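Protein chains in written order, with full-length UniProt numbering: chain X, 1 to 216; chain W, 1 to 216.
There are 2 protein chains.
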Amino acid sequence: MSERRDGQRQGERYGARNRERPGGGTAGPRKSQDIFDATLDLLAEKGYEGLTVEGVAQRSQVNKTTIYRWWPSKGALLGAALTGARQLDLEPPDTGSLQGDLEALLHTIVTLLTAPPASDIAVATLGAVTHSPELAGHVREFFAERMGREQPVFDRAVARGELAADTDPMLLVDLLAGAAWLRVVLRQLPVEKDFVPRAVRTVLNGAGAVTERHQL
Amino acid sequence: MSERRDGQRQGERYGARNRERPGGGTAGPRKSQDIFDATLDLLAEKGYEGLTVEGVAQRSQVNKTTIYRWWPSKGALLGAALTGARQLDLEPPDTGSLQGDLEALLHTIVTLLTAPPASDIAVATLGAVTHSPELAGHVREFFAERMGREQPVFDRAVARGELAADTDPMLLVDLLAGAAWLRVVLRQLPVEKDFVPRAVRTVLNGAGAVTERHQL
DNA sequence: CAAATGCAACGCAACGTTGCGTTGTGTTCT
DNA sequence: AGAACACAACGCAACGTTGCGTTGCATTTG
């Protein structure tokens with residue numbers, strides 16, 4: 001039932017991304033933005049299974065033939081819609097300390113996974129990875145690109161002496177982000193207030209008791 | 001002839017009434033085991049979306065009506081099938097040290113997520129959590145029960161002085177298991193040989209550089 | 001004009017449901 | 001004991017519905 005209850009995607013609707021038809025860049029239907037909006041809206045509302053091409057066509061005021069002429073499948077359509085979605089663009093932080101950066105990073109992730117309407121899109125998309133190889137490819141690229149953008153956080157930390165130079169940044173990110181995913185989606189437990197600082201502290205300082213600490 | 005053959009025992013279909021049958025086990029259709037097997041097989045083969053009730057009926061040599069008489073939906077059927085699946089029962093380890101236990105635990109998880117055929121079932125099931133609230137409930141219970149069974153690992157570690165008494169065990173498990181999930185499913189990267197020991201070492205000792213370590 | 005879109009219909013598969021007949025296994029009644 | 005019965009479970013066939021993805025042809029639009 002809910003109609004356009006979002007309202008923040010609208011602003012960037014005319015972002016001129018797919019508008020270059022004559023020039024010959026990225027092609028797409030004339031109303032591609034409407035189609036993408038409808039796709040993400042419906043994904044958020046009904047999940048990946050409930051997302052239907054015919055539903056998208058109806059909401060975006062487009063014939064379903066048009067959609068099929070440009071994208072061969074539901075996965076491809078969603079992939080294209082996500083590519084244009086700025087909602088998942090998270091700026092990597094720079095707070096001055098590694099702990100601060102990681103806390104900001106994890107906090108952003110938790111927010112993305114819990115705060116509607118972005119959370120509906122994010123959770124449904126990541127959950128659909130196991131169903132659509134096409135989507136899986138997009139998600140893989142997304143994570144790879146994100147990792148690249150987060151690299152400076154760790155470079156700075158090494159420069160500050162907060163991190164051993166041979167540390168694997170991806171492992172740290174995976175530990176933190178993975179814990180958030182597991183907690184929110186699989187365990188379906190609320191994220192306590194201190195989840196973020198505790199997780200970061202554990203990853204940085206360890207949970208080991210006060211026994212010996214082998215120096216490097 | 002009497003024509004009251006069906007439709008009146010709706011109330012006692014699933015749930016409470018699954019008692020003694022000739023087989024002596026938990027009941028359902030006579031060939032429930034065949035049905036469950038077919039369900040998990042097809043799930044592994046085609047994923048959650050490709051899993052169809054009619055496919056299960058065909059493979060298990062049962063009419064689809066029979067399946068619908070006992071389970072109202074695909075999610076319910078899969079939930080029932082998973083309940084009987086012993087493949088996901090992982091014995092919590094007891095190696096003598098916390099590090100050893102956690103490595104064993106994480107190794108089991110990584111194996112479960114990567115080694116067919118169990119991995120197909122596990123990945124598809126966990127991925128389907130975002131699509132079926134019914135399944136989500138089962139998964140939540142599964143994780144809760146697992147956490148309970150893993151508790152002794154941490155109790156022993158505290159007793160040995162390897163872990164501060166106020167440590168949150170679930171956080172450690174979530175960090176490790178979440179990282180595995182993210183690495184395997186979302187990033188779709190291979191798990192390196194030393195992933196397990198490195199992850200455990202990070203969680204126990206921290207990734208912080210050799211600066212000061214605040215002593216408790 | 002030509003490309004893009006609209007439209008209507010199609011075959012296909014799976015959904016979930018229904019009515020009715022059949023099987024199998026106990027129970028009861030001579 | 002053996003025939004008759006009761007009843008739950010099962011099979012079968014068909015139904016209407018939805019969504020998929022496709023096709024041929026008319027119409028709009030730049």
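Backbone N, C-alpha and C define an ideal beta-carbon position, used for all residues, glycine too. These numbers were taken from a predicted model, which means no experiment stands behind them.
{"Query": "Residues that W:Y48 contacts on chain X, provided the C-beta gap is smaller than 9 Å", "Result": "E49, T130, H131"}
{"Query": "Distance between W:L112 and W:S32 (C-alpha atoms, nearest Å)", "Result": "25 Å"}
{"Query": "Helix, strand or coil at X:G23 according to DSSP, with G and I counted as helix", "Result": "The pLDDT assigned to X:G23 is 35, lower than 50, so where the model puts this residue is not dependable; a value taken from the coordinates is nonetheless given after this. X:G23 falls in the coil class under three-state DSSP."}
{"Query": "Cutoff 8 Å: X:V56 Cβ touching any chain W Cβ", "Result": "no"}
{"Query": "Residue burial classification, X:G208 (beta-carbon count within 10 angstroms, cutoff 16)", "Result": "buried"}
{"Query": "Within chain X, the residues that W:V185 reaches when beta carbons sit closer than 7 Å", "Result": "V129, T130"}
{"Query": "Beta carbon of W:L42 nearer than 8 Å to that of W:G28", "Result": "no"}
{"Query": "Burial state of X:K193 (16 or more Cβ within 10 Å)", "Result": "exposed"}
{"Query": "Any chain W beta carbon closer than 8 Å to X:Q188", "Result": "yes"}
{"Query": "Rounded straight-line distance, which links the Cα of W:R149 to that of W:V185", "Result": "25 Å"}
{"Query": "Chain X within 8 Å of W:T202, Cβ atoms only", "Result": "yes"}
{"Query": "Residues in the region 135-157 of chain X having any Cβ partner in chain W nearer than 7 Å", "Result": "A136, V139, R140, F143"}
{"Query": "Heavy atom of the ligand PLP within 7 Å of W:T52 beta-carbon", "Result": "Absent from the structure shown: the ligand PLP. Ligands present: none."}
{"Query": "8 Å contact criterion, which W:G75 and W:L135 should meet: CB distance rounded", "Result": "5 Å"}
{"Query": "Contact set between W:A177 and chain X, taken where Cβ atoms lie within less than 7 Å", "Result": "L182"}
{"Query": "C-beta contact flag for X:I109 and X:I67 at 8 Å", "Result": "no"}
{"Query": "With 16 other Cβ atoms within 10 Å as the buried cut-off, status of W:R183", "Result": "buried"}
{"Query": "Per-residue burial, W:Q162 [other beta carbons within 10 Å of its own, 16 or more giving buried]", "Result": "Per the sequence shown, the amino acid found at residue 162 of chain W is Glu instead of Gln. Buried, by the Cβ-count rule."}
{"Query": "Proximity of X:D168 and X:A44 at Cβ, strictly below 8 Å", "Result": "no"}
{"Query": "X:R160 - containing alpha helix (DSSP H), residue span", "Result": "133-160"}
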